[in-house]
Amino acid sequence: MPDITWDLLSQQVEQCRLCPLWQSATHKVPGQGDPHAPLMLIGEGPGQREDEEGLAFVGPAGQLLTRMLSAIYLPRDRVYICNAVKCRPPHNRTPLQEETDACKLHLRMQFVLVRPKVIVLLGSTALKAVLGQDHFITRERGIWIQRKGVWMMPTFHPSALLRDPDKKRDAWKDMQSLQSKLMELQLYSDIYGPLMTPS
Ligand code: SF4
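The sequence shown begins at 211 in our numbering and counts up one residue at a time.
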C-alpha cells in the first residue's frame with residue numbers, strides 16, 4: 211500500500227468511479243482548508259455551486275457555515291471542510307448509503323492526513339457515514355462522543371437551517387458547545403497561536 215499523501219488523495223478522488231455519482235459530477239469536490247487543522251467539519255455532498263467550482267461549502271449553506279464559524283472566532287481557512295461524498299448527487303438528492311460507503315475510502319484518507327482532534331458532523335448523512343446507520347441526528351445532535359481519541363459532535367447541516375430557521379437556536383447552542391470544547395482542549399492556540407484565545 212503506497213504512503214497516504216495529499217497528492218495521492220486528490221489523484222484517487224479525481225479518478226474515482228467507485229459509485230455512479232461520478233457520472234453526474236462536473237467537478238469532484240474533495241474538500242479544502244488547513245491540511246493540519248485541529249477541527250474538521252464533514253457535510254453531506256456537493257451542491258450546484260460546489261459542483262461548478264470544485265470547492266466544498268461555497269453556496270448559500272456554505273456562506274451560512276462561514277458566518278457560524280466566525281461567530282465563534284473560527285476563520286474558514288483554519289479548519290478543514292469536506293463532505294461524505296465527493297461528487298454531486300443528481301438534483302441534490304441525499305446520497306445513498308452505498309455511495310457514502312464507497313466514498314469512505316477518501317474520507318478515511320482525509321482523517322489520516324489531517325489528524326483532527328475534533329470533528330463536527332453536519333447533518334444525518336455525515337453522522338451515519340462516520341458513526342454508522344444506527345445513529346440519528348434528531349436524537350444525538352449536540353452530544354459529544356469520543357472515538358479513538360477524537361471528539362465528535364453531530365449538529366444540523368446548514369442547509370437544514372436555511373430550510374427551517376427554527377433549528378437555528380439549537381444550532382447556535384451546538385456552536386457554543388464547539389467553542390467550549392475547543393477551549394477545553396486548548397485548540398484555539400493551535401488555530402491562532404498561544405496569545406490569542408477568545409475569552
Ligand atoms: S462520490 Fe466518492 S465514491 Fe462515488 S465516484 Fe465520487 S469520489 Fe468516487
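Even glycine gets a Cβ: it sits at the ideal position worked out from N, Cα and C.
What you are looking at is a predicted structure, and each value in this text was computed from that prediction instead of being measured.
- Message: When you measure from the CB of A312 to every non-hydrogen atom of the ligand MN, does any distance come out below 7 Å?
- Response: Summarising the ligand content, the structure contains the ligand SF4 and does not contain the ligand MN.
- Could you tell me the boundaries of the beta strand (DSSP E) in which P364 lies? 360-365
- Task: Could you tell me how far apart the beta carbons of V239 and N293 are, in whole angstroms, since I believe they sit closer than 8 Å?
- Result: 7 Å
- Message: Could you compute how far the alpha carbon of G243 sits from the alpha carbon of R286?
- Response: 7 Å
- Query: What residues match up with R357 in a beta bridge as DSSP calls it?
  - Reply: V360
- Task: For G243, write down the residues that DSSP places opposite it in a beta bridge.
- Result: Y290
- Which same chain residues, not among the five before or five after D310, have their C-beta less than 8 Å away from its C-beta? Per the sequence shown, residue 310 should be read as Thr rather than Asp. Closer than 8 Å at the Cβ level, and outside the excluded window around T310, lie A294, V295, T335, K338, A339.
- Message: Judging by CA-CA distance, which residue of E262, D376, K383, D374 is the nearest neighbour of S234?
- Response: E262
- Decide if the region 367-382 is in contact with the region 271-284; the criterion is three or more beta carbon pairs, one per stretch, under 8 Å apart. yes
- Message: With distance defined between alpha-carbon atoms, name the residue in T304, P326, P256, Q356 nearest to R173.
- Response: The shown model of the chain, from 211 to 409, leaves out residue 173, and the question about it has no answer.
- Quick one: using the 10 Å Cβ neighbour count with 16 as the cut-off for buried, is F346 buried or exposed? exposed
- Item | Option nearest W382 by Cα separation, candidates C229, L231, S399, R277 | R277
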